[in-house]
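Novice: Here the sequence shown is numbered in the working numbering, starting from 395 and rising by one per residue.
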Amino acid sequence: MNVKYCIKICQNKNSLFSIILMLFFSSIYIVKGQNQDSFNLIYEKISKKIAHEDLGRALKLADSLLLNTTLPENQIKCHVLIARLYQQKEELDKAVEFSQKAAELAHFQKNYLWQARANGHLAGLYRIMGFQNKAKHYLEVALEAIPQIIDKEKAKNTAGLMQQELAFCNMDEDNYEQAIHHLNLAKSYFDQIIENKDFLMMNNERLLGQSYYYLKKYDTALVHLKKALHLSSGRPTNYIIGMIHTGMAETYLELNELKKAKFHLNQDEKIAKESQYLQIKAAIYSISKEYYRRTANKDKLIQASEKKVSLDSQINYKQADLLDKVSSNLEKKEIRTEKLSRRQSQIIYFLSTLLFVSMVYLYYIRRRRKSDIAHFRKI
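Written out as structure tokens, the structure is:
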């Protein structure tokens with residue numbers, strides 16, 4: 395049976411049978427490692443389509459894909475995919491766990507491409523959580539791996555992604571001019587590749603539009619957002635397309651072009667209903683509030699406000715829980731490190747003492763031997 399047909403059947407998201415089918419077909423096509431194209435097809439379908447429709451289902455299928463593949467690189471890719479899905483669920487501790495495992499596997503396999511990508515993803519996760527030093531560390535590891543990637547197209551692709559991560563770092567610090575500099579560098583890398591080019595360019599144009607928006611250069615922001623929207627044509631709806639519409643809606647609001655803002659807001663609200671990515675939903679409802687405030691639509695304003703408050707509560711709860719877990723893990727790690735350091739100090743002290751005693755003993759033996767020889771000669 396054709397793999398594309400199998401996946402089409404599996405798109406029935408209300409069917410348990412669809413999950414069983416995907417498990418079955420992934421085991422047929424992937425366990426034996428005979429069809430890399432089939433793996434890639436299922437991987438892309440989970441990542442770009444099913445994840446938007448049903449995150450829980452996407453995670454089950456990604457877990458199945460991981461369990462049923464034996465190729466080391468595919469295992470690494472699955473770990474990164476699962477990490478990204480957990481990120482969309484706002485379960486960043488689990489996202490870190492799977493990204494860390496991917497980075498370890500890539501290091502063990504000396505796979506520099508996925509060393510760079512997994513560590514780059516870790517950098518982004520720690521940046522989002524506010525651990526800037528750890529984010530910087532992982533980004534440096536990722537950047538160091540890029541020159542060792544043999545496939546030059548993939549090296550340029552990855553270099554572009556790391557420039558985007560540097561842009562995010564600057565955007566978090568409201569340094570939008572520098573963010574634009576890194577995004578233009580990312581664009582220069584993406585211009586040189588073929589695979590996945592339009593998707594990468596789409597997100598890059600969105601980020602450029604967002605940066606110009608915050609610089610209050612609304613016309614320039616629209617130029618980039620329109621490019622991003624054009625590149626999204628024909629693609630399955632996902633959170634990036636949602637953010638493009640969000641950017642256009644808020645930019646048109648600033649230009650007081652309410653009809654155009656409403657068009658993109660309508661697209662956004664459709665995406666918000668389907669998406670399970672809380673941060674995206676929160677951004678969309680924030681724009682909805684502003685639009686209904688400006689148009690004096692009290693009922694809609696109240697609805698949008700209630701949804702925003704509910705989402706903010708969920709996000710804040712998840713973030714507080716996450717910080718507790720991460721802080722606890724870091725504290726445990728520090729305790730283990732302190733114990734290890736103390737133990738190492740004790741070992742060093744013991745060895746130093748042993749060495750000193752040995753030297754004193756050898757010195758004593760040599761003196762004793764000289765004394766015995768002198769005494770023997772006198773006799």
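Even glycine gets a Cβ: it sits at the ideal position worked out from N, Cα and C.
Can you tell me which of F502, F657, V617, S493 puts its alpha carbon nearest to the alpha carbon of Y520?
Specialist: S493
Novice: Roughly how many angstroms lie between the CA atoms of Y480 and L460, to the nearest whole one?
Specialist: One C-alpha to the other measures close to 15 Å.
Novice: Once DSSP output is grouped into helix, strand and coil, what is the label at P466?
Specialist: helix
Novice: Assuming the contact rule is C-beta atoms closer than 8 Å, Y583 and A553 should be a hit. Round their C-beta distance to whole Å, please.
Specialist: At roughly 5 Å, the Cβ-Cβ gap stays under 8 Å, so Y583 and A553 are in contact.
Novice: Consult DSSP for E589 and reduce its assignment to one of helix, strand or coil.
Specialist: coil
Novice: Keeping to the same chain, check which residues put their C-beta closer than 7 Å to that of K407; ignore five residues upstream and five downstream.
Specialist: Note that K407 has pLDDT 48, beneath the 50 cutoff, so the model's placement of it is unreliable and no number is given.
Novice: Around the C-beta of R600, are 16 or more other C-beta atoms found within 10 angstroms, so that it is buried, or is it exposed?
Specialist: buried
Novice: Given a cut-off of 8 Å on the beta-carbon distance, is the pair A714 and I681 in contact?
Specialist: Contact flag unset, no.
Novice: Put F525 into one of helix, strand or coil per three-state DSSP.
Specialist: DSSP, reduced to helix, strand and coil, places F525 outside both helices and strands of the structure shown, so it counts as coil.
Novice: Which residue comes first and which comes last in the alpha helix (DSSP H) that contains N434?
Specialist: 430-439
Novice: Using the beta-carbon count (16 or more within 10 Å), is N527 buried or exposed?
Specialist: exposed
Novice: How many angstroms separate the CA atom of A512 from the CA atom of I543?
Specialist: 14 Å
Novice: Quick one: using the 10 Å Cβ neighbour count with 16 as the cut-off for buried, is G628 buried or exposed?
Specialist: exposed
Novice: Where does A549 sit, in a helix, a strand or coil, going by DSSP?
Specialist: Helix, per DSSP.
Novice: If we ignore side chains and look at the alpha-carbon of each, how far apart do E571 and K504 end up?
Specialist: 36 Å
Novice: Do I678 and E774 have their beta-carbon atoms positioned less than 8 Å apart in this structure?
Specialist: Given that the chain is displayed from residue 395 to residue 773, the structure contains no residue 774 and the question cannot be resolved.
Novice: DSSP three-state label for G636, please.
Specialist: helix
Novice: Between which two residues does the alpha helix (DSSP H) harbouring K495 extend?
Specialist: 486-503
Novice: Starting from I665, trace the alpha helix (DSSP H) in both directions and tell me its first and last residue.
Specialist: 652-668
Novice: Using only the alpha-carbon positions, how far apart do M565 and L625 sit?
Specialist: 23 Å
Novice: By how many angstroms is the C-alpha of A500 removed from the C-alpha of Y506?
Specialist: 7 Å
Novice: Among the residues of its own chain, which have a CB less than 6 Å from the CB of V425, if the five just before and after it don't count?
Specialist: Any reading at V425 must be qualified, since the residue scores a pLDDT of 46, below 50, and its modelled position is unreliable; the value itself is stated next. Excluding its 5 nearest sequence neighbours in each direction, V425 has C-beta neighbours in its own chain below 6 Å: N462, listed in chain order.
Novice: Nearest CA to the CA of L717: which residue from T464, V490, K454?
Specialist: V490
Novice: Assign P541 to one of three DSSP states: helix, strand, or coil.
Specialist: Here P541 sits in helix by DSSP.
Novice: Between which two residues does the alpha helix (DSSP H) containing K620 stretch?
Specialist: 612-625
Novice: Can you tell me whether K433 is buried or exposed, with buried defined as 16 or more other CB within 10 angstroms of its CB?
Specialist: Checking the displayed sequence, the identity of residue 433 turns out to be Phe instead of Lys. Counting Cβ neighbours within 10 Å, F433 comes out buried, since at least 16 surround it.
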